[in-house]
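So the structure is just underneath, and the comments pick up after that.
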Amino acid sequence: MRQLDNFGHPRRRPLFDPPIVRRAIKDAFIKLNPRALAKNPVMFVVGIGALLTTLLLLRDIGQGLAFRTLLYEIQIAVWLWFTVLFANFAEAMAEGRGKAQADTLRRLKTETTARRELPGGGHETVPATALCKGDIVRVEANELIPGDGDVIEGVASVNEAAITGESAPVIRESGGDLSAVTGSTTVLSDWLRIRITANPGDTFVDRMIALVEGAERQKTPNEIALNILLAGLTIVFLLAVVTLLPFAIFSVKQAGSRAAPDVFALVSLLVCLIPTTIGGLLSAIGIAGMDRVMQHNVLAMSGKAVEAAGDVNTLLLDKTGTITLGNRQAVQFIPVPGITEQEVADAAQISSLADETPEGRSIVVLAKAFGIRERQLARREAEFIPFTAQTRMSGVNLNGRQVRKGAADAVKRYVGELGMTFPAELQQEVTRIAQAGGTPLVVADNQRGALGVIYLKDIVKGGMRERFDQLRAMGIRTVMITGDNPLTAAAIAGEAGADDFLAEATPETKMQLIRQEQAGGRLVAMTGDGTNDAPALAAADVGVAMHTGTQAAKEAGNMVDLDSNPTKLIEIVEIGKQLLMTRGALTTFSIANDVAKYFAILPAMFGALYAASAGGHGPLWALNIMRLHSPESAILAAVVFNALIIIALVPLALRGVQYRPLSAAALLRRNLLLYGVGGIVAPFPGIWLIDQIIVLLRLAPGR
Amino acid sequence: MTVIGWAQIALFSLILLVLTKPLGLYMARVFQGERTWLDPVLGPVERLVYRLFGVDPREDMRWTTYALALLAFSLVSMLFTYAILRLQGLLPLNPMGFSTAKAPSYATPMTPDLAFNTAASFTSNTNWQAYSGENTMSYLSQMVALALHNWVSAAVGMAAAIALIRGFARRSAQGVGNFWYDVTRCILYVLMPICLVYALFLVSQGAIQNFAPYTSVTTLEGAAQTITQGPVASQEVIKMLGINGGGFFNANSSHPFENPTPLTNFVQMLSIFLIPAGLCYTFGRMVRDTRQGWALWAAMYVLFFTGVLTAYHFEAQGNPNVARQGVETSTKQLGDVGGNMEGKEVRFGLANSALFATITTDASCGAVNSMHDSYTPIGGMIPLANIQLGEIIYGGVGSGLYGMLIYAILTVFIAGLMVGRTPEYLGKKIEQKEVKMAMLFILAGAASILIFTALASVMDLPAESALNRVGLSSTYYGPTYNNINNSGPHGLSEILYAYSSGTGNNGSAFAGITVNTPFYNLTIGLAMLIGRFLMMLPALAIAGSLATKKHVPASAGTFPTHGGLFVTLLVGVVIIVGALTFFPALCLGPVAEHFLMHGGRLF
Amino acid sequence: MFKQVLPSIRATIALAVLTGLLFPLLITGIAQAVFPSQANGSLIKSADGRVIGSRLIGQPFSRPEHFHPRPSAAGSGYDPTASGGTNLGPTSAKLIEGLPDDRETKDSDESYSGVKQLAERYRQENGLPAGAPVPVDAVTRSASGLDPHISVANALLQAPRVAMARGLAESDVVALVRRHTEGRDLGLLGEPRVNVLLLNLELDRLRGAPPSSKP
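Line by line, the protein sequences give chains A, B and C.
Just so you know, we're using the numbering used here here: the first sequence kicks off at 28 and counts up by one.
Just so you know, we're using the numbering used here here: the second sequence kicks off at 21 and counts up by one.
Just so you know, we're using the numbering used here here: the third sequence kicks off at 2 and counts up by one.
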């Protein structure tokens with residue numbers, strides 16, 4: 028397993044990779060294009076404000092206003108532009124990581140050529156990009172497979188590291204579940220004949236490039252709803268600020284003075300109030316979420332799927348490989364009356380010496396615990412009897428002694444054929460083991476008949492129970508899917524801590540379970556690999572297909588796990604939740620920030636209103652609770668804070684807020700304290716500090 | 021502030037709490053069509069009413085049909101009221117001859133703009149009054165044109181809330197109920213029985229109820245006094261219970277004939293909050309989780325209590341400018357008849373005045389027992405801010421609940437994302453449509469208040485403009501900002517209050533401002549219609565959208581919407597959204613005035 | 002929409018009759034039968050049957066032998082056809098300092114008594130030293146303009162003047178004030194208060210009113 032950092036995802040590229048940062052800075056300027064800006068109502072308003080202040084600044088320069096005024100106006104205009112640029116930078120940073128990956132893939136693709144079979148026999152060499160569905164190509168060792176397809180002839184080991192990052196080669200052969208190959212992977216040995224199954228631009232690599240680049244990125248439902256909220260809030264603040272002008276005119280008239288509020292202050296107030304923090308980081312959060320999924324080596328076909336993962340109520344997990352280690356292990360030797368445990372262990376070991384299956388190895392290992400050393404048997408003295416579907420036993424013939432191990436009924440028949448009885452005690456043990464979720468293997472020889480039983484047990488992976496407890500705390504129910512009988516299934520599900528199980532599962536019963544869950548309003552996630560999983564994968568709200576699986580399965584699911592690790596479903600759910608949490612946290616933070624900004628800008632704007640004497644402070648200067656130096660420094664400090672907070676939160680947006688598997692109530696309390704209360708409090712010292720610096724640098728007048 | 025003042029506020033809270041469940045339970049039965057103890061009496065009446073209406077109460081309406089019925093009914097009844105007001109001079113029950121040649125000299129003419137304003141006002145449950153009842157309205161106008169709406173607008177608001185509740189309660193359904201059924205049952209089963217008992221109680225305490233002309237008397241010192249008369253009590257009860265607030269008299273519930281004793285005052289305050297508080301329970305009951313209803317109740321109570329605390333505190337502090345004239349204002353010396361007594365009645369004192377002012381603006385009632393215009397700046401800001409928060413602190417009949425539910429939806433959406441799931445409220449996913457409608461609700465209110473106030477605070481109409489002429493008199497105000505009664509920041513507060521009250525469908529006023537001019541009558545009339553229907557339709561749209569959704573069962577991963585955390589959060593969102601929208605305007609009004617008052621500055 | 006118009010018209014008419022006519026008529030019928038006095042305005046009649054006022058509506062009093070009510074903003078004072086308050090805000094100069102008469106217009110009196118003038122007049126009438134504290138209800142106008150009550154503190158400050166004008170012992174007048182002090186409703190609600198009209202009526206019924214009293 029890769030090492031995980033604190034945020035639950037693998038350490039790969041550093042967050043601020045210099046080439047990516049350089050590229051993002053460039054992109055931040057390119058994104059100033061009004062058409063690009065218009066997609067984001069919040070930043071569009073900031074852009075308009077920046078433009079407006081710039082025009083006014085130019086006018087004022089033309090009119091030759093005092094240096095003090097111009098200095099203030101220049102800074103406001105510049106920082107408003109920075110606000111837009113910072114938001115663009117955040118988005119570009121999020122995109123940059125995907126783009127870098129896409130570039131590598133694209134290079135791989137364009138350099139590949141293919142040997143296409145001609146209809147009349149023979150081959151022609153064409154660029155990989157020219158291959159169409161139905162073409163047949165031949166790929167030799169050390170050649171790149173030119174496109175997605177099915178193996179129709181040959182067996183070969185293939186290195187799929189370019190796609191999966193996994194360097195261990197995999198076997199690909201015609202027919203069955205191992206026939207699918209992916210473009211841009213390398214044949215290591217032997218050769219393959221492949222029928223291409225994807226048209227140019229439609230291959231897995233093409234899709235992967237599009238996905239990592241975010242070219243096909245569509246806004247997810249929650250993102251759209253959040254955008255509506257942000258646009259609505261922007262209009263509310265636009266109303267509040269625009270109407271402030273008439274209110275100010277009225278008040279100035281009532282106060283008998285003639286100072287009108289300046290447009291720079293109004294634009295600054297507007298930009299500070301509208302949710303620029305979340306508005307600027309929203310798309311970055313979405314892209315980064317997809318990127319995080321990618322870094323887990325999962326290809327999500329849409330952001331919607333990632334978002335849905337956060338909403339999942341029910342996880343369907345395959346027993347084998349996900350909940351249990353793929354193989355069973357021997358844990359106990361149980362003798363029949365009159366036989367010692369030692370004798371059973373000895374017989375079991377002898378019968379398993381040639382058994383290279385993990386189960387067989389585990390028997391030898393267990394026997395060692397009884398002091399029985401591993402023996403080397405020469406082929407000459409011993410005859411190994413392999414397992415066959417007919418006998419359903421395996422064993423060894425050694426100097427006339429026949430030792431057999433196998434399923435209880437098979438051994439019973441064997442013993443019966445020898446004319447001996449199968450002890451009732453043994454039958455009881457066999458039943459007990461089966462009920463406990465284990466697999467009984469009976470050991471016998473031709474001299475004493477049945478000797479005892481080997482208890483093979485499904486081994487639940489370490490930490491599964493804790494994992495399921497966490498999921499339960501998050502409100503997610505886990506259902507174990509297995510082909511075992513209900514008794515065995517119940518035992519293993521109980522041991523692993525799964526909430527429920529589906530025994531003797533068939534594609535039909537799986538489908539039925541999904542439908543049933545969905546009818547109850549629950550969202551279902553599952554993994555699958557075989558072709559017969561395809562309907563269920565398509566029906567599930569989140570269907571993760573294993574990359575080793577069939578093409579049909581991969582097309583039915585909305586994610587493909589390149590590592591083919593079924594446990595990853597849990598991590599995908601966590602990423603989905605983290606994505607939504609990050610959006611919620613920054614929205615809350617952004618809105619909460621406004622409180623402090625009011626206390627910076629309003630006294631600055633109206634501090635002189637109703638003043639008893641010209642140049643003195645009026646009643647509303649009392650709202651300057653941060654004791655900022657002057658109206659100019661106060662407004663500047665608020666605008667600078669507002670811009671810098673975007674940059675400061677870019678790492679958070681890219682990484683996502685810290686995720687912890689807690690109940691909703693606990694999560695809410697925690698995040699509310701951090702981002703809600705924190706959002707109200709943090710800007711006060713922040714703005715105060717910036718005000719101090721501004722005055723220290725003489726960028727605005729002091730008291 | 022005094023101990024006995026707090027004791028009265030505590031008693032009020034306690035009785036409200038005690039009454040919530042029984043009334044809420046009863047209303048749930050009424051709107052779910054279950055049997056009630058009044059069925060034997062009202063059943064036949066109800067069936068007769070449906071026959072008179074010509075409707076089938078069993079038809080389950082989609083939200084669009086429901087909304088159309090609601091709009092059609094409101095429009096028709098508004099035109100009806102407009103017609104009666106304009107024709108009152110020709111109609112009976114007009115002993116003082118208003119709108120006729122023999123009208124008394126102090127009478128106000130019923131101009132088209134005033135009639136529009138009044139019709140919009142009563143239809144929208146606002147009951148803003150640009151006129152004084154005692155010198156404008158015939159008894160017929162008061163009873164038929166105006167009191168009709170006191171009943172009907174309350175029932176319409178209740179219907180919209182019930183439709184929204186059904187949206188939450190139903191699963192994968194198309195309809196949200198039947199509008200006519202909801203309106204009828206609200207009037208017959210909820211309003212009528214309470215009003216009957218309540219009216220007789222008020223009369224027993226001294227509220228008047230007759231059709232006699234005004235009584236001329238010679239006072240003890242030989243002066244002439246005309247004592248007004250009329251069918252007051254029957255209108256007073258529905259004015260309070262229906263959270264309408266339109267007084268029979270100009271002085272409204274400070275008038276001794278409307279609100280003769282502290283006891284009637286206490287009951288009147290209770291009757292404002294009674295139905296909206298009960299509706300919280302009805303809501304919880306109908307969505308099968310009463311904790312959800314209590315959570316809303318608690319959030320409302322927190323906001324209410326904060327308001328009373330603030331208003332009472334600042335009123336008890338009094339006006340330093342008054343104290344400076346050698347006037348004793350200390351509540352330590354005078355009890356609750358100290359502090360700021362300008363515009364307050366001795367029998368009510370400070371606690372009951374501040375409490376009434378908070379209640380009447382928390383709910384969209386608008387009845388007053390003291391003059392908000394004369395409150396201290398912050399004391400008066402509380403009513404203003406209460407209205408601006410959207411009339412959701414208990415709020416109007418129905419409108420309070422659906423308004424608070426919309427805030428709950430927003431809360432769940434903003435904060436709900438923080439638990440890492442698509443936000444759900446009561447098992448219904450909150451998605452695009454709900455957020456869009458909730459924002460429309462917020463926007464409509466903010467836009468109406470801010471834009472109209474901005475317009476009125478700077479519009480330079482010519483001096484002789486007919487747009488700003490009072491009634492048919494020779495008084496022309498010219499620029500719209502000249503209609504204010506107070507200069508300085510308080511002037512802005514008066515304009516702001518007028519449009520807030522109109523949009524919030526409250527109806528109370530910083531009443532110094534002169535609003536019986538075409539400009540104000542038309543703009544405030546529009547504000548009231550916007551505040552009513554542009555905020556009610558989103559609620560109905562949400563109802564329709566929610567009803568069609570599946571129910572997501574709650575789990576440990578579900579954002580919990582009961583309990584202290586949610587209540588705190590909901591209160592926070594209400595305050596922050598409200599404050600962020602209106603804080604700048606409030607700064608230039610009450611906040612500036614507060615500091616100026618303490619600096620001794622007069623305008 | 003059209004399908005709903007007809008029911009709307011029928012509902013408007015039906016409900017106007019039910020709520021606008023039947024309900025008030027029903028209440029009036031019961032009220033007139035059960036509470037005739039209250040339903041008709043709690044009117045007070047003199048010995049000869051003339052109506053002299055309502056116990057709920059304040060009256061203007063200015064003679065020294067009568068207790069004085071609060072200042073009123075209803076019309077020219079305690080005019081029930083123009084109920085209401087001043088609606089002057091806390092920073093209103095008019096409220097605090099009043100307005101002088103505009104000498105340019107000879108035919109009308111624009112002067113307005115602010116808190117300052119009202120306090121000075123109150124001290125003068127009641128023989129209080131300059132700067133002596135005046136209860137706030139005596140210098141502020143009520144919400145209805147018809148407030149029939151004054152605070153107990155206000156009444157007690159006026160008692161010596163009334164006693165002197167009527168030639169009564171001050172203690173007798175104070176005792177009368179105490180007797181006419183209405184307590185809190187149910188012992189909790191509202192404020193202790195004195196009904197000015199009822200108190201003055203009682204005074205007039207007693208001996209001691211000098212026949213030559215002038216306003």
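Even glycine gets a Cβ: it sits at the ideal position worked out from N, Cα and C.
Of all C-beta pairs linking the stretch 621–639 of chain A to the stretch 647–656 of chain A, three or more are shorter than 8 angstroms, placing the two stretches in contact. DSSP places A/P385 within a helical segment (H, G or I) once states are collapsed to three. With its beta carbon less than 8 angstroms from one in chain C, B/K364 belongs to the interface. In the structure shown, A/S329 falls within a coil segment according to DSSP collapsed to helix, strand and coil. Our two residues, B/L546 and B/S468, have alpha carbons roughly 9 angstroms apart in a direct line. B/H333 has a beta carbon lying at 8 angstroms or more from every beta carbon in chain C.
Residue contact with chain B for C/F62: present (Cβ-Cβ distance below 8 angstroms to some residue of chain B).
The beta carbon of B/I228 sits closer than 8 angstroms to some beta carbon of chain C. Interface with chain B (8 angstroms Cβ-Cβ cutoff): A/P362 is excluded.
Closest in C-alpha terms to A/A155, from the list A/I179, A/G202, A/P227, comes A/P227. For a Cβ distance threshold of 8 angstroms, residue set L240 of chain B lies close to C/L198, ordered along the chain. Contact between A/M553 and A/L326 does not hold, since the beta-carbon distance rounds to 17 angstroms and is not under 8 angstroms. Assigned with DSSP and collapsed to three states, A/G337 falls in helix. Nearest CB-CB separation between B/R621 and chain C: below the 8 angstroms threshold. The closest CA to that of B/A271, considering only B/V252, B/Q229, B/G63, is found on B/V252. Here DSSP, grouped into helix, strand and coil, assigns B/N170 to helix. The beta carbon of B/L354 is closer than 7 angstroms to those of E348 in its chain, skipping five residues each way along the sequence. Within the DSSP bridge table, the entry for A/N424 names A/E410, A/Q429 as partners. Only exposed fits A/C159, as fewer than 16 other CB atoms lie within 10 angstroms of its CB. Take the alpha-carbon of A/A546 and the one of A/L483: they are about 39 angstroms apart. Taking 8 angstroms as the CB threshold, C/Q5 lines the interface with chain B. Nearest to B/A181 by C-alpha distance, out of B/A315, B/F303, B/I292, B/A219, is B/F303. Interface criterion met: the Cβ of C/Y79 is under 8 angstroms from a Cβ in chain B.
In the pairwise beta carbon analysis, the stretch 198–210 of chain A is classified as touching the stretch 171–184 of chain A: at least three pairs are separated by under 8 angstroms. Not one beta carbon of chain B lies nearer than 8 angstroms to the beta carbon of A/D590. Assignment of A/Q245 by DSSP, reduced to helix, strand and coil, places it in the coil class. Within the stretch 217–265 of chain B, the complete alpha helix (DSSP H) runs of at least 4 residues fall at 252–261. Nearest to A/N354 by alpha-carbon distance, out of A/T515, A/G210, A/D217, A/D485, is A/D485. With a beta-carbon spacing of about 3 angstroms, C/N88 and B/G532 fall inside the 8 angstroms limit used to define contacts. For B/V439, at least one C-beta of chain A is nearer than 8 angstroms to its own C-beta. Against A/I721, chain B offers no close residue; the least beta-carbon distance is about 23 angstroms (beta-carbon pairs closer than 8 angstroms). A straight line joining the alpha-carbon of B/H392 with that of B/T381 spans about 10 angstroms.
The Cβ of B/A547 sits no closer than 8 angstroms to any Cβ of chain C. The C-beta distance from C/G85 to C/G146 rounds to 5 angstroms, short enough to fall under 8 angstroms. Under the three-pair Cβ rule at 8 angstroms, the stretch 292–302 of chain A counts as touching the stretch 69–81 of chain A.
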